[in-house]
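Asker: Just so you know, the sequences run in chain order A and B.
In terms of the working numbering, the first sequence opens at residue 1466 and continues consecutively.
In terms of the working numbering, the second sequence opens at residue 1466 and continues consecutively.
Heads up, the beta-carbon is just placed ideally off N, CA and C, and yes, glycines get one too.
Protein chains: 2
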Amino acid sequence: MANSVKKATLKKDILEAAAELFKEKGYAATSVRELAQSVGLEASSLYNHIQSKEQMLQEICMGNANKFTDGIEHILKTYSNPIEQLEQIIKLHIDVAADSLSSVTVFNDEWKHLSPPYQETFLKMRKSYESKVLDIIKNGIESGVLRQVDPKITLYSFLTSLRWIHYWFKPGRISKERLYDNLRIIQLDGLKKE
Amino acid sequence: MANSVKKATLKKDILEAAAELFKEKGYAATSVRELAQSVGLEASSLYNHIQSKEQMLQEICMGNANKFTDGIEHILKTYSNPIEQLEQIIKLHIDVAADSLSSVTVFNDEWKHLSPPYQETFLKMRKSYESKVLDIIKNGIESGVLRQVDPKITLYSFLTSLRWIHYWFKPGRISKERLYDNLRIIQLDGLKKE
DNA sequence: GTCTATACGATGATAGAC
DNA sequence: GTCTATCATCGTATAGAC
């Protein structure tokens, strides 16, 4: 059993190193050789733990996609007010970003290097996530708790404004709570003082 | 003279094709051969018009960096109210994005592939731009026209929420005016209805 | 599981004929 | 200015010894 535990840990280390390098240099510009070196192995030895370079990208992207899919499902089941739902989505993005800073960057920026069968799956999941958030926004507008804004523009502005967190968030710099409080005010109340 | 005009046009075509491919596949994953093919040349012929693959990336990135630098300078000279200045920044981002959809994507996503001397210059320009926007936000908070938000969080949320435009904006889909109106409301007035 | 050695195609870029 | 031919290097991945 000690062996299988060690193997699982190394695989995890490799995936973390891959996420870090893919984030820093981009997927295409990261070579298997340097990835191997960063975990103290030769390139060929890496293939005892992974199947291919792209498989690592797949695991990173799908892992994060699942976090967002599960997160939005839970929010929709637990909250019914559109404002509360949007607040919880802000929290979700902060939590996922704080959970694995480099892997969520790869998820955001490198998915285009997934090959055909996986890229389609990935984009379907993203589309599905976006359409759930879009419905929340539409509900909010129809029920009168949100302003009469264009739902699509709102969707992209809202989601994109949460997409820098993983670049900037560092545990010591600021608390998740303070980040959340500010993002909630900026997005929902607006910058302008009445 | 006809010759130099033709050469200038081809160079421009090459840069546009490069921006399109860098956007679509990423800089590292785009080969000089396929770039050449996309303008109807062999790879070697391309080198009569460009010096290297990276030089094209440099021109694309610096060209857009200059647009933003010039734009913010003009805004600071022309407007003094922080709210007006932020509104004009929204307009600036819409204009630059609409002006060259693919090249601004490359500017945003591929600058990390610039090699040392150019990457530093690029990052300095970006830093300088961000610090000017940050000052506007701080002014707005101090003078009481903006809410008491964290200036840095506001900076990144604000700028990032303008970073999806080039992905989504298509001339026939929506007018720049309608896009501007909505982004102004979302960012400044907030999503929540009073 | 790790290593050395290697396959072999693709890469950015250049030389030189036309 | 364009082409064909080529270079040197690097890419991912595999074979096989230990």
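Could you tell me if A:Thr1474 is buried or exposed, where buried requires 16 or more neighbouring beta carbons within 10 angstroms of its beta carbon?
Answerer: Numbered from 1 along the first sequence, position 9 holds the residue referred to as residue 1474 of chain A. A:Thr1474 comes out exposed.
Asker: Do you know offhand how far B:Ala1530's Cα is from A:Val1504's?
Answerer: Here residue 1530 of chain B corresponds to residue number 65 of the second sequence, with the count starting at 1. Here residue 1504 of chain A corresponds to residue number 39 of the first sequence, with the count starting at 1. Cα to Cα, the separation comes out at about 37 Å.
Asker: Leaving out five residues before and five after A:Phe1533 in sequence, what residues of the same chain have Cβ atoms less than 6 Å from its Cβ?
Answerer: Within the first sequence, numbered from 1, the residue matching residue 1533 of chain A stands at position 68. Same-chain partners within the cutoff: Tyr1594.
Asker: Taking the Cβ atom as the reference point for each residue, do A:Ile1525 and A:Val1571 lie within a distance shorter than 8 Å?
Answerer: Reading the first sequence from its first residue, position 60 is the one you call residue 1525 of chain A. Reading the first sequence from its first residue, position 106 is the one you call residue 1571 of chain A. Going by C-beta atoms, A:Ile1525 is nearer than 8 Å to A:Val1571.
Asker: Give a yes or no on whether the C-beta atoms belonging to B:Leu1611 and A:Leu1648 are separated by under 8 Å.
Answerer: Numbered from 1 along the second sequence, position 146 holds the residue referred to as residue 1611 of chain B. Numbered from 1 along the first sequence, position 183 holds the residue referred to as residue 1648 of chain A. Taking 8 Å as the Cβ cut-off, B:Leu1611 and A:Leu1648 do not qualify as a contacting pair.
Asker: Taking C-beta pairs closer than 9 Å, name the residues in chain B that A:Ala1483 reaches, listed in chain order.
Answerer: The residue given as residue 1483 of chain A occupies position 18 in the first sequence. Within chain B, no C-beta atom comes nearer than 9 Å to that of A:Ala1483; the closest sits roughly 16 Å away.
Asker: Tell me the rounded alpha-carbon separation between A:Ile1651 and B:Val1598.
Answerer: Here residue 1651 of chain A is taken as the residue at index 186 of the first sequence, counted from 1. Here residue 1598 of chain B is taken as the residue at index 133 of the second sequence, counted from 1. Spanning the two alpha carbons is a distance of roughly 16 Å.
Asker: Who are the neighbours of A:Trp1633 on chain B, taking C-beta pairs under 9 Å?
Answerer: Taking the first residue of the first sequence as position 1, residue 1633 of chain A is located at position 168. Residues of chain B passing the Cβ test: Lys1617, Ile1618 and Tyr1621.
Asker: Drop a sphere of 10 angstroms on the beta-carbon of A:Ala1508, count the other beta-carbons inside from all chains shown, and report buried for 16 or more, exposed for fewer.
Answerer: Residue 1508 of chain A sits at position 43 when you count from the first residue of the first sequence. With fewer than 16 Cβ atoms within 10 Å of its Cβ, A:Ala1508 is classed as exposed.
Asker: Given this structure, state the Cα-to-Cα distance separating A:Asp1564 from A:Leu1551, to the nearest angstrom.
Answerer: Here residue 1564 of chain A refers to the residue found at position 99 of the first sequence. Here residue 1551 of chain A refers to the residue found at position 86 of the first sequence. So the two alpha carbons sit approximately 20 Å from each other.
Asker: What is the DSSP secondary structure of B:Leu1656, reduced to helix, strand or coil?
Answerer: By one-based count along the second sequence, residue 1656 of chain B stands at place 191. Residue state, collapsed to three classes: coil.
Asker: What residue range does the alpha helix (DSSP H) around B:Asn1546 cover?
Answerer: Residue 1546 of chain B sits at position 81 when you count from the first residue of the second sequence. Taken as a continuous stretch (DSSP letters only), B:Asn1546 belongs to no alpha helix (DSSP H), as it is neither H nor E.
Asker: On the CB-based measure, 16 or more other CB atoms within 10 Å of its CB, does A:Thr1495 come out buried or exposed?
Answerer: Counting from 1 along the first sequence, the entry for residue 1495 of chain A is found at position 30. Buried, by the Cβ-count rule.
Asker: Which residue wins for smallest C-alpha separation from A:Lys1476, given the options A:Tyr1512, A:Glu1489, A:Tyr1492 and A:Lys1617?
Answerer: Indexing the first sequence from 1 puts residue 1476 of chain A at position 11. Per the Cα distances, A:Tyr1512.
Asker: Starting from the C-beta of B:Lys1518, find all residues in its chain whose C-beta is less than 7 Å away, skip the five residues before and the five after it, and write them out in chain order.
Answerer: By one-based count along the second sequence, residue 1518 of chain B stands at place 53. Once the five neighbours on either side are set aside, the close Cβ partners of B:Lys1518 are Val1497.
Asker: Rounded to the nearest angstrom, how far is the Cβ of B:Gly1536 from that of B:Leu1557, given a contact under 8 Å?
Answerer: To locate residue 1536 of chain B, count along the second sequence from 1; it is residue 71. To locate residue 1557 of chain B, count along the second sequence from 1; it is residue 92. That pair is a contact at about 4 Å.
Asker: Pull up the distance between the alpha-carbon of B:Val1561 and that of A:Phe1623, whole angstroms please.
Answerer: The residue you call residue 1561 of chain B lines up with position 96 of the second sequence. The residue you call residue 1623 of chain A lines up with position 158 of the first sequence. The alpha-carbon atoms of B:Val1561 and A:Phe1623 are separated by roughly 21 Å.
Asker: With 8 Å set as the bound, which would you pick, yes or no: does the beta-carbon of B:Thr1570 sit closer than that to a beta-carbon of chain A?
Answerer: Counting from one through the second sequence, the residue named residue 1570 of chain B turns up at place 105. By this cut-off, B:Thr1570 is not an interface position.
Asker: Please classify B:Gln1523 as buried or exposed, where buried requires at least 16 neighbouring CB atoms within 10 angstroms.
Answerer: Counting from one through the second sequence, the residue named residue 1523 of chain B turns up at place 58. By the 10 Å Cβ count, B:Gln1523 comes out buried.
Asker: Taking only beta-carbon positions, decide if B:Phe1560 is within less than 8 Å of chain A.
Answerer: By 1-based counting over the second sequence, the position of residue 1560 of chain B is 95. First, the amino acid is wrong: residue 1560 of chain B is Asp here, not Phe. Not an interface residue.
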